[in-house]
Every structure is written in C-alpha cells, then in structure tokens.
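Peer 1: Per the working numbering, the very first residue in the sequence shown carries number 361; after that it's consecutive.
My questions all concern the structure below.
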Amino acid sequence: MGFVEDKRFLEFKARCLFFDRFGGVSPYPFDSLNFSFAVGDKKENVLKNIENARKSINVTKMAFINQIHSKDIVEFDGKNHDADGIFTDKAGVFLAIRFADCLPIVLMDTRKRIVMAIHAGWRGSYLGISKNAVDILKQRGSNPEDIIVSIGPHICRNCYEIKDDLACKFSEEFINKKNGRLFLDLSAVNIKQLTQSGIPNENIVDLGICTFENSDFFSYRRDKICGRGAGGIMLFNSNSQE
Ligand SMILES: [Zn+2]
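In structure tokens:
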C-alpha cells in the first residue's frame, strides 16, 4: 500500500497524502486499492481496503463524503454528507477525497490548524469550489497567507481533452489547443481561484502526477470501468507521529 505525500505539511504536524492503486484486495478491473462503493466492486472489498488504508496511516477514522460534483463543503461531524469538500480542526481523522482523474485538493490553515479536502472535476471547478473553500476558511477567521495547498494526482492539461461545449465555459487562458484539439487545464482553473482569493502562489503545489499517464493511479478516462483512489489530509494527534 503506497502513497505520494506532500511533506511540506509535516512541519505543521499534519499529513497530506494520496494513495496509489496498489496493496488492496479488489480484483480486476478495480485492482486493487479501490475506495468506491459506486463502481461495481464488492462492498466487502471496499470496506477492507478502507480499513487497511486506515491502519497503514494510523488514524482513528477515514472520513469520506458522497461526491456530487457540487461546490458544497461541510464540516466533519462523523456523518455521511452529499458534498465535495470536508474540513475539520479535529486531530486523528483523515479527510478523504475519492479520485480517478478529477482533482483532489488539500488545504490547511497552518496557524488556526484547520484542514480541508475538496474534489474538483470540471463541474466543481466551473462552480468555483476552490474559491468557496477559501471563503469558508476566511469565515473561520483564516488569513489566506497562512493557507498551504496541495493538488494531488489528476488528469493533466495535456491529456484532458474536451469538446467545444465545455471549452466555452472556461476562460481561454485555461484551454490548451493542439492540432485542432482542445484540452482543459483544471489545475490552472483552481490555482487561479485560490490566488485570487489571496493565497500566495508559492503556497500552492501541484504534485504533477497525471492519473491518465501514470498507471499507478486509477483513471476513468483511460480505463472507463475502474476503481477510485483516495487522498487527503489529517492533523496529527498531539502525542503521536511527531
Ligand atoms: Zn497527462
């Protein structure tokens, strides 16, 4: 069971990581670390994958949301919500986003110690979920200059081909044209929302992993029927994982 980690968060006593697809129990085509109940995999396999992942990072709970391609963000309360973002100031809970091409984005107010994980596909990005994420943190008293952001594995600007009907919803600066074909840079769309909300550009890191190109991760566009990965963030329990 492997993952990529954004180690900048360690200095703030938090962990931000994105699991790869290996080390789970799900068979082809969900092989093997699938976190989704909605793709056709057996529920018992998914439950086992979540439990094994939870143990591997030593957290008391992995908190998921029912992602619905909205811009809605909820505070973690132990319940299941329809939303595309979740935040908490509680330690020991891993806030998890399911992904297979869409962007899992993690934010942390390093001073107030609030962590947030959001899911941004084209709909959420178009609706402004990254702006909403910063607005919610500001309502909690955050100064955007204290927020660091990690953009996890997602389909990149060279691989996310779209048609005219979608391209016309986004500013031309986010459209990459190659040989008459159109590609959308969803990372840039979200980075712009974050920086326009006051987060310094240098606080934002895109890990630069393309799910479509890198078979260590699930890609809906590449594989159609496949699992969903998970990634997100947790605050350390004050007495552990120093
Ligand atoms: Zn790519």
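Idealized CB from N, CA, C, for every residue including glycine.
All figures in this text were calculated on a predicted structure; none of them were measured in a lab.
Using a Cβ-based criterion (distance less than 7 Å to any ligand heavy atom), does E573 qualify as near ligand 1?
Peer 2: Locating residue 573 in the sequence shown gives position 213, counting from the first residue. Result yes, Cβ under 7 Å from ligand 1.
Peer 1: Within the region 511 to 572, note down every full alpha helix (DSSP H) run reaching 4 residues or more, in order along the chain.
Peer 2: Fully enclosed alpha helix (DSSP H) runs of 4 or longer: 524 to 527 and 546 to 556.
Peer 1: Looking only at its chain, what residues have a beta carbon closer than 6 Å to the beta carbon of H441, apart from the 5 residues adjacent to it on each side?
Peer 2: Residue 441 sits at position 81 when you count from the first residue of the sequence shown. If we look at H441 and ignore the five residues flanking it on each side, its Cβ neighbours are I425 and V434.
Peer 1: Enumerate in chain order the residues of its own chain whose CB-to-CB distance from G400 is below 8 Å, with the five nearest sequence positions on each side excluded.
Peer 2: Counted from its first residue, the sequence shown places residue 400 at position 40. Once the five neighbours on either side are set aside, the close Cβ partners of G400 are F390 and I585.
Peer 1: Are the beta-carbon atoms of D419 and V466 separated by less than 8 Å?
Peer 2: Mapped onto the sequence shown, residue 419 falls at position 59. Mapped onto the sequence shown, residue 466 falls at position 106. Checking the sequence, you will find Val at residue 419 rather than Asp. No, the pair does not count as a contact, with Cβ atoms beyond the cut-off.
Peer 1: For M468, list the residues DSSP reports as bridge partners.
Peer 2: Position 108 of the sequence shown, counted from the start, is the residue given in the question as residue 468. Looking at the DSSP assignment, M468 forms a beta bridge with V475 and I508.
Peer 1: Label D524 either buried or exposed according to how many other C-beta atoms from any shown protein chain fall within 10 Å of its C-beta, with 16 as the threshold for buried.
Peer 2: On the sequence shown, residue 524 is found 164 positions in, with the first residue counted as 1. Per the 10 Å Cβ criterion, exposed.
Peer 1: Report the rounded CA-to-CA distance for S502 versus S386, giving the unit in angstroms.
Peer 2: Here residue 502 is taken as the residue at index 142 of the sequence shown, counted from 1. Here residue 386 is taken as the residue at index 26 of the sequence shown, counted from 1. For S502 and S386, the distance between alpha carbons rounds to 40 Å.
Peer 1: With DSSP as the reference, identify every bridge partner of G591, one or two as the case may be.
Peer 2: To locate residue 591, count along the sequence shown from 1; it is residue 231. Paired residues: F378 and I457.
Peer 1: Between C570 and ligand 1, is there a pair consisting of the residue's CB and a ligand heavy atom that are separated by less than 7 Å?
Peer 2: Indexing the sequence shown from 1 puts residue 570 at position 210. C570 Cβ: within cutoff of ligand 1.
Peer 1: Who are the near neighbours of L567 in its chain, counting only those whose CB is closer than 7 Å to its CB and skipping five residues on each side?
Peer 2: Reading the sequence shown from its first residue, position 207 is the one you call residue 567. Within the same chain, L567 has close Cβ partners V364, D366, S510, I511, G512 and P513.
Peer 1: Which whole-angstrom value is the C-beta distance of S396 and G383, which I expect to be below 8 Å?
Peer 2: In the sequence shown, residue 396 corresponds to position 36, counting from 1. In the sequence shown, residue 383 corresponds to position 23, counting from 1. Not a contact, Cβ separation roughly 16 Å.
Peer 1: Under 8 Å by Cβ, that's how I've got G587 and R368 pegged, so tell me the actual separation to the nearest angstrom.
Peer 2: In the sequence shown, residue 587 corresponds to position 227, counting from 1. In the sequence shown, residue 368 corresponds to position 8, counting from 1. Actually they are not in contact, since the Cβ atoms of G587 and R368 sit about 28 Å apart, beyond 8 Å.
Peer 1: For the region 370 to 417, list the alpha helix (DSSP H) runs that are entirely contained and at least 4 residues long, ordered along the chain.
Peer 2: DSSP runs (the alpha helix (DSSP H)) wholly in the region 370 to 417: 403 to 416.
Peer 1: Alpha carbon to alpha carbon, how far is Y486 from I515? Give it in angstroms, no decimals.
Peer 2: Reading the sequence shown from its first residue, position 155 is the one you call residue 515. Reading the sequence shown from its first residue, position 126 is the one you call residue 486. C-alpha separation (whole angstroms): 16 Å.
Peer 1: Quick one, which of Q556, V565, E533 and A456 has its alpha-carbon nearest M422's?
Peer 2: Residue 422 sits at position 62 when you count from the first residue of the sequence shown. Of the listed residues, the one whose Cα sits closest to M422 is A456.
Peer 1: Please state the DSSP three-state secondary structure of A493.
Peer 2: Here residue 493 corresponds to residue number 133 of the sequence shown, with the count starting at 1. Helix.
Peer 1: Quick check on this structure: which residue in N394, I474 and D461 has the alpha carbon closest to the alpha carbon of A480?
Peer 2: Position 120 of the sequence shown, counted from the start, is the residue given in the question as residue 480. Here the closest residue by C-alpha is D461.
Peer 1: Alpha carbons only, please: which of T571, K450, P464 and C519 is nearest the one belonging to I474?
Peer 2: Taking the sequence shown and counting its residues from 1, one reaches residue 474 at position 114. Minimum Cα distance to I474 is reached at K450.
Peer 1: Assess contact between the region 546 to 553 and the region 486 to 495, defined as three or more Cβ pairs (one per stretch) separated by less than 8 Å. Is contact present?
Peer 2: Touching, yes, given that three or more Cβ pairs across the two stretches are closer than 8 Å.
Peer 1: Compare the Cα-Cα distances from M476 to each of P560, F447 and V406 and report the closest residue.
Peer 2: Residue numbering aside, residue 476 sits at position 116 when the sequence shown is read from its first letter. Among P560, F447 and V406, the Cα nearest to that of M476 belongs to F447.
Peer 1: Could you check whether the Cβ of I535 sits closer than 7 Å to any heavy atom belonging to ligand 1?
Peer 2: As a position in the sequence shown, residue 535 is number 175, starting the count at 1. No, the beta carbon of I535 sits no closer than 7 Å to any heavy atom of ligand 1.
Peer 1: Just to confirm my understanding: we take L554, look at its own chain, exclude 5 residues before and 5 after, and list those with CB closer than 7 Å. What are they?
Peer 2: Here residue 554 refers to the residue found at position 194 when the sequence shown is read from its first residue. Excluding positions up to five away in sequence, the list reads S490, V494, V509 and I564.
Peer 1: Any heavy atom of ligand 1 within a distance shorter than 7 Å of the CB on C462?
Peer 2: Translated into the one-based positions of the sequence shown, residue 462 becomes position 102. Checking every heavy atom of ligand 1 against the Cβ of C462, none is found closer than 7 Å.
Peer 1: Return the CA-CA distance between A398 and V406, expressed in angstroms with no decimal places.
Peer 2: Locating residue 398 in the sequence shown gives position 38, counting from the first residue. Locating residue 406 in the sequence shown gives position 46, counting from the first residue. Their backbone Cα atoms lie some 10 Å apart in a straight line.
Peer 1: Give me whichever residues DSSP pairs with G501 in a beta bridge.
Peer 2: Position 141 of the sequence shown, counted from the first residue, corresponds to residue 501. The partner list for G501 (beta bridge, DSSP) is empty, contrary to what the question assumes.
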